[in-house]
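For the record, the sequence lines run as chains A and B.
Residue numbers for the first sequence follow this note's numbering, so the first one is 1 and each next one is one higher.
Residue numbers for the second sequence follow this note's numbering, so the first one is 1001 and each next one is one higher.
Backbone N, C-alpha and C fix where the C-beta goes; we use that ideal spot for every residue, glycine too.
Values in this document were obtained by computation on a predicted structure and should not be read as measured data.
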Amino acid sequence: MDTTLSPDDLAALISRCTGVTVTGEQVTDSARTFDDLGVDSLGLMGVVAELQRNHGMSRDVELEPSQSPRELLSLLAGRA
Amino acid sequence: MSAVVTGLGVVAPSGIGVDEFWPAVRDGHVALGPVRRIEPNPYPVVVAGEVDGFEPDGWIDPRITVQTDRFTHFALAAAGMALRDADLDPATVPPFGFGVVTASFSGGVEFGQREIERLWKDGPGHVGPYQSIAWFYAACTGQISIGNGLRGPSGVLVADEAGGLDAFAAAGDELRRGARAMLVGGAEAPFCPFSVCCNLGLGLLSTGTDPATAYLPFTAHATGFSPAEGGAMVVIEDEDAARGRGAEVRAVVAGHCATYTGSQHLDLSAEGLRRAAEGALDEAGLDPGDVDVVFLDALADPRADDAEAKAVSLLFDERADRVPVTAPKTGYGRCYAGAAVLDVAVAVLAMEHGEVPPTPGVRDCRFDFDLVTGASRAADIRTALVLSRGLYGGNSALVLRRPEPIRGDD
């Protein structure tokens, strides 16, 4: 299981799960929320589930679209 | 108040968009081929109508693509084409005045199959959240409504395959209640193991292996129909509203009627179809003598074909061998609730072009009605009758009329 994820990797994962084109730069911008990117709550749920299944993210993590991908990145195992 | 057709959008095995679809249908092109969406295909149904070359990119917002099934991709693409064809920007229609009605038979089964496979292979945590909205029958209505900002009265009919015609009645009712415009239609993408297994038990799907002979209704070789994917969306409007904005009125949705004769009783559909046709003509203020062409249901089951031929015979009496009848769907297959909507699109195009398209592949019709085969036939069509049956006993009829010249113009 790959528990380290670069910003580009996370951006690609978000794009794959939600259909929203996201760049690595956007993922590290703490001012940019999932809402801003156009990722809705169902899309975010899919992203979190994917990280929990394949990237060692804690099962307790819950995220709102008003939070940022940067916060998500910091929650990933090995990065906290 | 009349409901009129102002725009057509088609996604079919014979072509994507009316400009591809109509010439293929008119010329009797056969678009059936081997099933490719199920690989490997362990099922006895091997010939089908698939929409080759359709990719959501360019038609659908990628965010919507990942959360929707292929049947919704078809419906969204068809809806977009229908709006452009009607030259109607939803933003110009009063709020709450533009709604959507679709008919569905299969639902989002490809998407559902993928997620359910994850469920039993890997567990509930592996089912994606979009399963909750992608599979269900109302997905097309919902996504068309959201995507185009349509806040008017909307619904979905899961009313057997004949629901494709009933949707026009439901949408027409909304126009009578005050809506200005409606998108109406249906699309199907039924090629996955779950759906094929559900339908195999009906015993109505052709197991023929040659695309040229697998689907031959009304002949001694009829052994069931070839299933298809695809469908159509149609813009219908209140006639005064359409003329008021200078829209081209393509056809009048003049009458509809539905009957029910029970599942497993295909013989009873003779009476069911006849009554539906009479009811639709009655609502249109017409008689069977006014009908210039009939678009047949064409199940290609010997009992069903007998019943449909009998319905035509009962309806037209001594004129029965002189009214042109046709089943263009033998060229591209039968796409469940989308099939009758495609027939409506073909009927509108046939009236406009003055041509009855043929029943591709069929020779040696075993009934003494005037089945158009081989090439298309020139005809002055003022009134078209579309017949549809569901696999579970629904029978519906829709009457379309060529529009009269604008009042005061003549």
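query: For a cutoff of 9 Å on Cβ pairs, would you count G1080/B as touching chain A?; result: no
query: Across the region 1229-1244 of chain B and the region 1199-1212 of chain B, are there enough close Cβ pairs to call them in contact, namely three or more that are closer than 8 Å?; result: no
query: What number of angstroms, rounded off, separates the C-alpha of D1057/B from the C-alpha of D1287/B?; result: 47 Å
query: Please work out which residues of its chain come closer than 6 Å, Cβ to Cβ, to L1349/B, disregarding the five sequence neighbours upstream and downstream, and give them in chain order.; result: W1022
query: Please list, in chain order, the chain B residues whose beta carbon lies closer than 8 Å to that of G38/A.; result: R1063
query: To the nearest angstrom, how far is the alpha carbon of A1086/B from that of H1221/B?; result: 41 Å
query: Output the distance between the C-alpha atoms of I1064/B and I1146/B, rounded to the nearest integer angstrom.; result: 10 Å
query: For W1135/B, count neighbouring C-beta atoms within 10 Å of its own C-beta (all shown protein chains included) and say buried if the count is 16 or more, exposed if not.; result: buried
query: Given R1180/B, which residues of its chain have a CB within under 7 Å of its CB, disregarding the five upstream and five downstream residues?; result: V1093, P1094, G1097, F1098, E1237, D1238 and A1241
query: Taking A1082/B and M1233/B to be in contact with their CB atoms under 8 Å, please state how far apart those CB atoms are, rounded to whole angstroms.; result: 5 Å
query: Buried or exposed: A1327/B, going by 16 or more other Cβ atoms within 10 Å of its Cβ?; result: buried
query: Am I right that V1045/B and L1205/B are in contact with their C-beta atoms under 8 Å? What's the rounded C-beta distance?; result: 5 Å
query: To the nearest angstrom, how far is the alpha carbon of L1088/B from that of G1080/B?; result: 10 Å
query: Compare the C-beta of Q26/A with all C-beta atoms of chain B and state if any pair is closer than 9 Å.; result: no
query: Quick check: what's the CA-CA separation for D1410/B versus S1263/B?; result: In this prediction, D1410/B scores a pLDDT of 45, lower than 50, which makes its location untrustworthy; no coordinate-derived value is stated.
query: Which residues, taken in chain order from the region 1126-1144 of chain B, show a beta carbon closer than 7 Å to some beta carbon of chain A?; result: H1126, G1128, P1129 and Y1130
query: Under 9 Å between the Cβ atoms of L51/A and L72/A?; result: yes
query: As a quick exercise: from F1316/B, V1252/B and R1274/B, pick the residue whose alpha carbon is nearest that of T1259/B.; result: R1274/B
query: Can you tell me whether DSSP reads P1046/B as helix, strand or coil?; result: Note on identity: in this sequence residue 1046/B is Val, with Pro being the wrong assignment. If DSSP states are grouped into helix, strand and coil, V1046/B belongs with coil.
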